[in-house]
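Worksheet for the structure shown next.
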Amino acid sequence: MLSRTADNIYWLSRNMERAENLARILEAAHRMALLPSSGDGGYDEWPSALISAGVFASFVAKHGSDGVDQARVVDYIAFDRENPSSIRSCIETARRNARSVRTALTTEMWESINSTWMELNKINPADISGTSLRDFLDWIKERVTLFRGSAYGTMIRDDAFSFMRLGTYVERGDNTARILDVKYNILLPPEEAVGGAVDEYQWMSILRAVSANRSFHWLYRTNVRPWLVAEFLILRPEMPRSLIACVREVDHQLDQLAKLYGRRAECHRLAGQLHAQLTYGRTEDIFQAGLHEFLTDFIMRNARLGDEIQRCYLS
């Protein structure tokens, strides 16, 4: 496969995954904003959404540090054309990627992303607030799920499929780590106790943000505990959005590409090394060394892995 084609497929899947992740970040922030005292300035749910999305600096550059409120944050993350990481920008870029490799996609894949883009352009951002915000975010998640399902259900299992999966899971791993890190280090107000009602509600919101609330309780059958949520989202391969599940899939797809192309590179070593670390890692060791430090290290190594994939296959 030409590197240009592989690059478009890889970034098509990354942008679609990012659009869904941004919707999940906004949904989590919206849930936390519904806490009774959040309007008194105790909780930083909207700045945390910007930090999780990686756009805090660009938002402040446009709106200023005093402009962090729900309306501006939602508009910037969801609709702002000047924000290359907004939901609208991600869908638009993904469609552009898809058009460039139209013949490499199935009809179902193209129709799902094209119809999403056309319907998104009909939405007036000024109408998105309150209940309509939840409806909009649910719609984005449904549309990305439709695209992902059409890809998984109709694509031939060749190198194009591997690049599609690589983009999805590199992006997903980054998002899970960012959401977990922001919750652990930023959200809980100083006057609230760890393990208290607010803390538990916020952890539940994080689980809902990654569609894991029911599966967490099914697996652990206990109340929400920070160390259990961290274990669930980092080390449990049963959870499809956990760090180990994402790295395992990246490692597997790189192995498939290595067999197909007959060569290995630095990206294969990095993926295998990171997978081994998570496979044999223990929650108590992570917390003892520092959860924030662990997650920051993962985000950096995942970004480097993405760069090496780009260098090996997509340049």
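In the UniProt record's numbering, the protein residues as written are 1 to 315.
Backbone N, C-alpha and C fix where the C-beta goes; we use that ideal spot for every residue, glycine too.
Compare the beta carbon distance of residue i and residue j with 8 Å and say whether it is the shorter of the two.
i: residue 397; j: Glu-171; result: Outside the modelled stretch of the chain, which goes from 1 to 315, sits residue 397, for which no answer is possible.
i: Leu-26; j: Ile-77; result: yes
i: Leu-228; j: Leu-278; result: no
i: Ile-87; j: Ile-128; result: no
i: Pro-125; j: Asp-75; result: yes
i: Val-247; j: Gly-173; result: yes
i: Leu-314; j: Ser-162; result: no
i: Ser-89; j: Val-182; result: no
i: Thr-154; j: Glu-108; result: yes
i: Val-101; j: Thr-5; result: yes
i: Leu-260; j: Asp-159; result: yes
i: Trp-11; j: Gly-130; result: no
i: Met-239; j: Ala-212; result: yes
What residue from the options has the CA that sits closest to residue i's CA?
i: Val-224; options: Ala-245, Ser-205, Arg-241, Pro-84; result: Ser-205
i: Glu-142; options: Gly-281, Gln-277, Ala-19, Trp-11; result: Ala-19
i: Arg-301; options: Glu-108, Cys-267, Ser-115; result: Cys-267
i: Glu-119; options: Arg-95, Leu-22, Thr-131; result: Arg-95
i: Glu-111; options: Arg-148, Phe-294, Asn-124, Ala-49; result: Arg-148
i: Leu-254; options: Leu-12, Tyr-169, Ala-28; result: Tyr-169
i: Leu-243; options: Ala-49, Gly-281, Trp-46, Pro-226; result: Gly-281
i: Asn-21; options: Arg-263, Ile-179, Pro-240, Gln-273; result: Ile-179
i: Ala-245; options: Gly-272, Ala-265, Lys-259, Thr-222; result: Gly-272
i: Gln-202; options: Ala-33, Ser-115, Met-239, Leu-133; result: Ala-33
i: Arg-264; options: Asp-80, Leu-137, Glu-308, Phe-298; result: Glu-308
So, is residue i buried or exposed, given that buried needs 16 or more other C-beta atoms within 10 angstroms?
i: Ile-9; result: buried
i: His-275; result: buried
i: Arg-214; result: exposed
i: Asp-7; result: buried
i: Pro-84; result: exposed
i: Gln-288; result: exposed
i: Leu-305; result: buried
i: Ser-150; result: buried
i: Asp-251; result: buried
i: Ile-51; result: buried
i: His-30; result: buried
i: Leu-233; result: buried
i: Asn-97; result: buried
i: Gly-67; result: exposed
i: Glu-293; result: exposed
i: Glu-231; result: buried
i: Glu-45; result: buried
i: Glu-17; result: buried
i: Asp-135; result: exposed
i: Ala-71; result: exposed
With residue i as the anchor, note down where its alpha helix (DSSP H) starts and where it stops.
i: Val-170; result: 159-182
i: Leu-260; result: 243-261
i: Asn-302; result: 291-309
i: Met-239; result: Per DSSP, Met-239 belongs to no alpha helix (DSSP H) and is neither H nor E.
i: residue 317; result: The structure shown has nothing for residue 317, since the chain only spans 1 to 315.
i: Pro-47; result: 45-53
i: Met-1; result: Per DSSP, Met-1 belongs to no alpha helix (DSSP H) and is neither H nor E.
i: Asn-213; result: 213-220
i: Asp-135; result: 131-154
i: Gly-272; result: 266-279
Are the C-beta of residue i and some C-beta of chain B separated by less than 8 Å?
i: Phe-232; result: No chain B appears in the structure shown, which is made up of a single protein chain.
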